[in-house]
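A.B. asks: Before we start, here is the structure in question, set down as structure tokens.
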Amino acid sequence: MEGFFETITRGNVTEVKVVLASVVMALAGYQVFLMAIGYGKLRLRFLERAPATRAHRAIGGTIVVVSLLVAAMCLAYFELDEAAVHAVVASALLAVLALKLVVVRWWHSAGRFLPLLGITVFVLFGLTWLTSAGDFLSD
Amino acid sequence: MDERSRTRQLIGSLLAAVAIVAVVVVAVTARLGPTSVAELDAREEALEQRQEAQEEQLEARQERREERLGN
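Going down the list, the sequences are from chains D and X. According to my numbering, the stretch in the first sequence is residues 724 to 862, in order. According to my numbering, the stretch in the second sequence is residues 192 to 262, in order.
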């Protein structure tokens, strides 16, 4: 697996991971903005609640796929003891993200917790980014 | 608002996401620098080859000098 990522990134595994993680972080911020419109907390003349919510769903799917790819790169390429805090925060992120997906798809009675889950996912994305890509970019 | 307007809004929202992705990729790549590991390796290899060639030239020169002194 390590060799596979080395090959597809032409030896730039860390750099590609930093770019992808930064893209996911920026999109996570945009997701919060879209759902602020979706929940009616923010009203804009050019964007209604329904299209904002649909865009949030579509972008969310993309974020999940890219996040799983980044997680696979982390697991295949880096040692766990290199970044213990990052590993813990990222594991929590994936767990909350999975729970959010379950609530959206199947567990509709827990739908009232979606805003809380969404904010938690955003905060965990921020912490995960800060403990890896943010650290790398600030060097 | 009709369905066409909503579709336009949805497409606009997705295009905004694409623009965000493009801006982040450009900004982070600029921060990291455009040079890939492969290019850095190639540069290092070229430098090593140049150093080897210089050393060989130096050795050849020394040999010639020694031959001249021997004659």
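The C-beta atom is built at its ideal place from N, Cα and C for all residues, glycine as well.
Could you name the residues of the stretch 233–257 of chain X whose beta carbon sits closer than 8 angstroms to any beta carbon of chain D, in the order they occur along the chain?
C.D. replies: Per Cβ criterion, the list is empty.
A.B. asks: Have a look at D:813, D:842, D:745 and flag the residue whose alpha-carbon is nearest the alpha-carbon of residue 823 (chain D).
C.D. replies: On the first sequence, position 100 is the one that residue 823 (chain D) refers to. Closest by alpha carbon: D:842.
A.B. asks: Using Cβ-Cβ distances below 7 angstroms, what residues of the stretch 739–755 of chain D are close to chain X?
C.D. replies: 741, 742, 745, 746, 749, 750, 753
A.B. asks: Considering just the uninterrupted stretch of the alpha helix (DSSP H) at residue 751 (chain D), what are its terminal residues?
C.D. replies: As a first step, residue 751 (chain D) is located in the first sequence; it is residue number 28 there, counting from the start. For residue 751 (chain D), the uninterrupted alpha helix (DSSP H) run begins and ends at 736–761, by DSSP.
A.B. asks: If you measure beta-carbon to beta-carbon, which residues of the stretch 773–806 of chain D are closer than 9 angstroms to chain X?
C.D. replies: 773, 774, 775, 777, 778, 779, 781, 782, 785
A.B. asks: For residue 222 (chain X), go through chain D and note every residue whose CB falls closer than 7 angstroms to its CB, in chain order.
C.D. replies: Within the second sequence, residue 222 (chain X) is the residue found at index 31, counting from 1. Within chain D, the residues near residue 222 (chain X) are 860.
A.B. asks: Going along the chain, which residues of its own chain have a beta-carbon closer than 7 angstroms to the beta-carbon of residue 806 (chain D), five neighbours each way excluded?
C.D. replies: For the purposes of this step, residue 806 (chain D) is taken as residue 83 along the first sequence, with counting starting at 1. Taking C-beta separations shorter than 7 angstroms and ignoring five residues to either side along the sequence, the partners of residue 806 (chain D) in its chain run 854, 855, following chain order.
A.B. asks: Mind checking if residue 197 (chain X) is an interface residue toward chain B, Cβ cutoff 7 angstroms exclusive?
C.D. replies: The structure shown contains no chain B; its protein chains are D and X.
A.B. asks: Which of helix, strand or coil does DSSP assign to residue 765 (chain D)?
C.D. replies: Numbered from its first residue, the first sequence carries residue 765 (chain D) at position 42. Of the three classes helix, strand and coil, the one that applies to residue 765 (chain D) here is coil, per DSSP.
A.B. asks: So which residues on chain X does residue 770 (chain D) lean against when the C-beta distance must stay under 8 angstroms?
C.D. replies: Start at 1 with the first residue of the first sequence, and residue 770 (chain D) comes out as number 47. Per Cβ cutoff of 8 angstroms: 200, 203, 204.
A.B. asks: So, using beta-carbon positions, are residue 736 (chain D) and residue 215 (chain X) closer together than 7 angstroms?
C.D. replies: Counted from its first residue, the first sequence places residue 736 (chain D) at position 13. Counted from its first residue, the second sequence places residue 215 (chain X) at position 24. Not closer than 7 angstroms, so no.
A.B. asks: Between which residues of its own chain and residue 767 (chain D) is the CB-CB distance below 8 angstroms, once the five residues before and five after are set aside?
C.D. replies: Indexing the first sequence from 1 puts residue 767 (chain D) at position 44. Excluding positions up to five away in sequence, the list reads 760.
A.B. asks: Classify residue 253 (chain X) as buried or exposed, calling it buried when 16 or more other Cβ atoms lie within 10 Å of its own Cβ.
C.D. replies: Counting from 1 along the second sequence, the entry for residue 253 (chain X) is found at position 62. Around the beta carbon of residue 253 (chain X), a 10 Å sphere encloses fewer than 16 other beta carbons of the protein chains shown; the residue is thus reported as exposed.
A.B. asks: Flag this pair as yes or no: are the beta carbons of residue 728 (chain D) and residue 799 (chain D) separated by less than 7 angstroms?
C.D. replies: For the purposes of this step, residue 728 (chain D) is taken as residue 5 along the first sequence, with counting starting at 1. For the purposes of this step, residue 799 (chain D) is taken as residue 76 along the first sequence, with counting starting at 1. Yes, the Cβ-Cβ distance between residue 728 (chain D) and residue 799 (chain D) is below 7 angstroms.
A.B. asks: Would you kindly report the start and end of the unbroken alpha helix (DSSP H) that includes residue 818 (chain D)?
C.D. replies: On the first sequence, residue 818 (chain D) is found 95 positions in, with the first residue counted as 1. First-last of the alpha helix (DSSP H) with residue 818 (chain D): 807–828.
A.B. asks: Tell me the rounded alpha-carbon separation between residue 221 (chain X) and residue 775 (chain D).
C.D. replies: Position 30 of the second sequence, counting from 1, holds the residue named residue 221 (chain X). Position 52 of the first sequence, counting from 1, holds the residue named residue 775 (chain D). When rounded, the distance between both Cα atoms is 31 angstroms.
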